[in-house]
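Q: I have a structure I would like to understand better, so I am pasting it below and will then ask my questions one at a time.
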Amino acid sequence: MALDFLLTQKVLTITADGDLRDYDNQEQLNALYQNLEKSHKVCFDGKSLQRWNSCLAAAFYQIILRAKAKNIEVDTTELPNDLQNLITLALTVDRKPKGKEGKNWGFLEDLGDSGLRMLEGIKKSWAFLGDTIKSLGRFFTGRAVLRRVDFEFALADCGYKAIGIVSLVSFMVGLILAFVGALQLKMFGAQIYIASLVAIGMTRIMGAIMAGIIMAGRTGASYAATIGTMQVNEEVDALKTLGLPVTDFLVLPRLLSLIITMPFLTMWADIMGMIGGATVAILMLDISAPQYWVYSIKAFELTNFLVGVFHGFMYGIIISCCGCYYGVNCGRNADSVGWATTKAVVSSIVIMIVATGILTSILEALGI
Amino acid sequence: MTEDSVKIKAEGLNIAYGSNVLMQNLNFEIKKGDIFIIMGGSGCGKSSLLRLLTGLKSVDEGKIWIDGVRFDNAEPAQKKKIMQNCGILYQSGALFSSMTLAENVAMPLQQYTNYSDDLIKDLVAFKLALVGLKGYEDFYPAEISGGMKKRAGLARALALDPDILYFDEPSAGLDPVSSKLLDDLILEINKSLGTTIVIITHELSSIFAIGKDSIFLDAETKTISAYGNPKELLKNPPNKNVLHFLSGGKK
């Protein structure tokens, strides 16, 4: 029970015998291919073939393909009818694809292509920003197509539903800030200034940054995934063909929600961070709660607090714009949604950090 | 029908979502090597029945046997073993978008067989050629048309030489020529490999062209109201709903 072949007078006879299911003898096939080169005709003999499956059919198909490529005559009439039919079916449709258009470019062409794509991306993002500003204009003049229920849903999603995670992370950051500061300040007996360190750090920038990073990962990613999936399901196309502005319908509720909630989340993060700092001070540094309170109030400045809140407001715009932009410009498959989500989070965080750097320099220059 | 000639058997099967009962007391048998059509109007529970037959939805009431083995309450390992002998072509092809067509077809072979890499490569080329996609091995699903995606999905469903092939609306979204090609392919696979084929569809042209046996899921009576060869059913419809459906809505 095996597959045999014999080359006589340039005729290669391949005999299939018995049970040849799961036929997987590549060495024999390679030897057969070598003999095929020397033949003028290939004859298949399957009179004694009892059982077979696709493995044998695939092997025969490969042999026939190679024979045809070399204009060698093939005779399959002695094969069982069903096997013949199957191989014939595989050979029938021979529509070779044109092949993928390979880009055989050099370094300079690649560089140019990257530059052009970057330019295209910048154009797209400017257009998106322009549409968003126009949308905001329509909103403030009462002409935007905005569903109240969408806005309320988005507001709840990035409002009270986000408080838990913002609280936990900000509390831990306050705790870490106090703990790291305490190690140094303790050496000079100045551990009481932990309260000032945490109060200034959290209110000026850390509260806003922590709230921003959490919301970029939580809400920005969700915006990109939701709108991206809508793009895959052609819902975005449906909006366009219905003549509804995509930015009004999809971007505006999300943008307004984050603009409104981010300053409040920042304030909440400030408070939780200071509570985290107080926990370390009271439990580990023997500072009493009233003492900590007094030093915190002393260090607290309205300017720092407002700068922090402004940062939160700015991060709200950045996160919502990045999430919605990558969602709207998502491709049409599952991979694209993943890509859009990743890009939305990474871009949000990078732009937030760069914007913070620029804003800090400006505020420094202004003496604020 | 003898027990040996029965591939799939359903007894007293109910299809329900909570208190919403779509179908009740479904009883039918599918012969080995049959092309069995499950037909009915939109929303009658055809796709839900397919989900029950493939184990994607748990059976609340009723029993299913595949090759004489109880399937509906089988252990997960047993179910997995049975499902290895079943191929499913989903409506959209359900190809994995991050993989090339060759990788899509090779995946079940790599998972469930000990075949050599060379054999898997040959098998992938053969299966893709069978469905008319020779040379498309390195293409990604996003780079081919909807009809091609379905055919590639069929190549993947055929990878392990399944005993049973399930098709969920094979003609949906295809032009008449592609639909006819797919029907011919189903007939050829059934003839050459002896595969039992179960098709969920409401495409009349496909039903009459390839169906050997069929059941009609009647949304009005919530059960099977016709059982037999589709052409025979058109000649002798058991009730007005079957006639209305099989005649394409003619009064």
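Going down the list, the protein sequences come from chains A and B.
Sequential numbering from 1 applies to the first sequence in this note's numbering.
Sequential numbering from 1001 applies to the second sequence in this note's numbering.
Glycine included, each C-beta is placed from N, C-alpha and C at the ideal position.
Source: prediction; values computed, not measured.
#1: In chain B, which residues lie with their C-beta within 7 Å of the C-beta of residue 24 of chain A?
#2: Spatial neighbours of residue 125 of chain A within its chain, please: CB distance less than 7 Å, with the 5 preceding and 5 following residues excluded, ordered by chain position.
#3: How should residue 1170 of chain B be labelled, buried or exposed, when 16 other C-beta atoms within 10 angstroms of its C-beta is the threshold for buried?
#4: Which residues share a DSSP beta bridge with residue 1009 of chain B?
#5: Which partner residues of residue 109 of chain A appear in the DSSP bridge assignment?
#6: With 8 Å as the threshold, decide whether the Cβ of residue 62 of chain A is near any Cβ in chain B.
#7: Listing by chain order, which chain A residues have their CB less than 7 Å from the CB of residue 1188 of chain B?
#8: Give me, in chain order, the residues of the same chain whose beta-carbon lies closer than 7 Å to that of residue 76 of chain A; leave out the 5 immediate sequence neighbours on both sides.
#9: Could you give the DSSP three-state label for residue 1099 of chain B: helix, strand or coil?
#10: What is the DSSP secondary structure of residue 141 of chain A, reduced to helix, strand or coil?
#11: By Cβ distance below 7 Å, which residues in the same chain neighbour residue 59 of chain A in space, the five residues on each side in sequence not counted?
#12: How big is the Cα-Cα spacing for residue 78 of chain A and residue 14 of chain A?
#13: Tell whether a beta-carbon distance below 8 Å holds between residue 1041 of chain B and residue 1202 of chain B.
#14: From what residue to what residue does the beta strand (DSSP E) around residue 1192 of chain B run?
#15: Three Cβ pairs or more, each shorter than 8 Å: is that satisfied between the segment 1075-1087 of chain B and the segment 1152-1165 of chain B?
#16: Assuming residue 258 of chain A and residue 320 of chain A form a contact by the criterion Cβ under 8 Å, report the distance between their Cβ atoms to the nearest whole angstrom.
#17: If you count every other CB in all the chains shown that lies within 10 Å of the CB of residue 21 of chain A, and 16 or more means buried, which is it?
#18: Comparing the C-beta of residue 1192 of chain B with each C-beta of chain A, is any distance below 8 Å?
#19: Just the C-alpha distance for residue 1112 of chain B and residue 49 of chain A, rounded to the nearest angstrom, thanks.
#20: Under 8 Å, Cβ to Cβ, is there at least one residue of chain A near residue 1094 of chain B?
#21: Taking just the CA atoms, how far does residue 1048 of chain B sit from residue 1067 of chain B?
#22: Taking CB distances under 8 Å as the criterion, tell me whether residue 419 of chain A reaches chain B.
#23: Compute the distance between the beta-carbons of residue 1191 of chain B and residue 1208 of chain B, then report whether it is under 8 Å.
#24: Pull up the DSSP beta-bridge partners for residue 13 of chain A, would you.
#25: Pick helix, strand or coil for residue 1164 of chain B, following the three-state DSSP scheme.
#26: Here's a check: name, in chain order, each residue in its chain whose Cβ is nearer than 6 Å to the Cβ of residue 224 of chain A, leaving out the five neighbours to either side.
#27: Contact check, residue 182 of chain A vs residue 194 of chain A under 8 Å by CB: the rounded distance?
#28: Determine, for residue 167 of chain A, whether the minimum Cβ-Cβ distance to residues of chain B falls below 8 Å.
#29: If the criterion is Cβ atoms closer than 8 Å, does the pair residue 336 of chain A and residue 245 of chain A meet it?
#30: Is there a Cβ of chain A sitting closer than 8 Å to that of residue 1130 of chain B, yes or no?
#31: Return no unless some Cβ of chain A is closer than 8 Å to the Cβ of residue 969 of chain B.
#32: Any beta-carbon of chain A closer than 8 Å to the one on residue 1142 of chain B?
#33: Name the chain D residues whose beta carbon is nearer than 9 Å to that of residue 334 of chain A?
#34: Using the Cα positions of residue 73 of chain A and residue 66 of chain A, report the straight-line distance between them to the nearest angstrom.
#35: Mind checking whether residue 361 of chain A and residue 295 of chain A have CB atoms under 8 Å apart?
#36: Which chain B residues are close to residue 71 of chain A, counting only those with a beta carbon under 8 Å from its beta carbon?
A: According to the data block:
#1: 1115, 1116, 1119
#2: 325
#3: buried
#4: B:1029, B:1065
#5: Beta-bridge pairing links residue 109 of chain A to no other residue.
#6: yes
#7: Chain A residues near residue 1188 of chain B: 85, 89.
#8: 44, 84, 87
#9: In this structure, residue 1099 of chain B counts as coil in the three-state DSSP scheme.
#10: coil
#11: 23, 29
#12: When rounded, the separation of the alpha-carbon atoms in residue 78 of chain A and residue 14 of chain A is 10 Å.
#13: yes
#14: Residue 1192 of chain B -> not in any beta strand (DSSP E); alpha helix (DSSP H) instead, spanning 1176-1193.
#15: yes
#16: 4 Å
#17: exposed
#18: Output row for residue 1192 of chain B: interface = yes.
#19: Taken atom to atom, the span from the alpha-carbon of residue 1112 of chain B to that of residue 49 of chain A is near 25 Å.
#20: no
#21: Computed Cα separation, rounded: 21 Å.
#22: There is simply no residue 419 of chain A to check, as chain A begins at 1 and stops at 368 in what is shown.
#23: Between residue 1191 of chain B and residue 1208 of chain B, the gap from beta carbon to beta carbon reaches 8 Å or more.
#24: A:6, A:43
#25: strand
#26: 323, 326, 327, 340, 341, 344
#27: Contact flag correct, Cβ pair sits at about 5 Å.
#28: no
#29: no
#30: It does; some Cβ of chain A falls within 8 Å.
#31: The first residue shown for chain B is 1001 and the last is 1251, placing residue 969 of chain B beyond what the model contains.
#32: yes
#33: Going by chain labels, chain D is absent from the structure shown, which instead holds the protein chains A and B.
#34: 11 Å
#35: no
#36: Here the premise fails: no neighbours, minimum Cβ distance about 19 Å.
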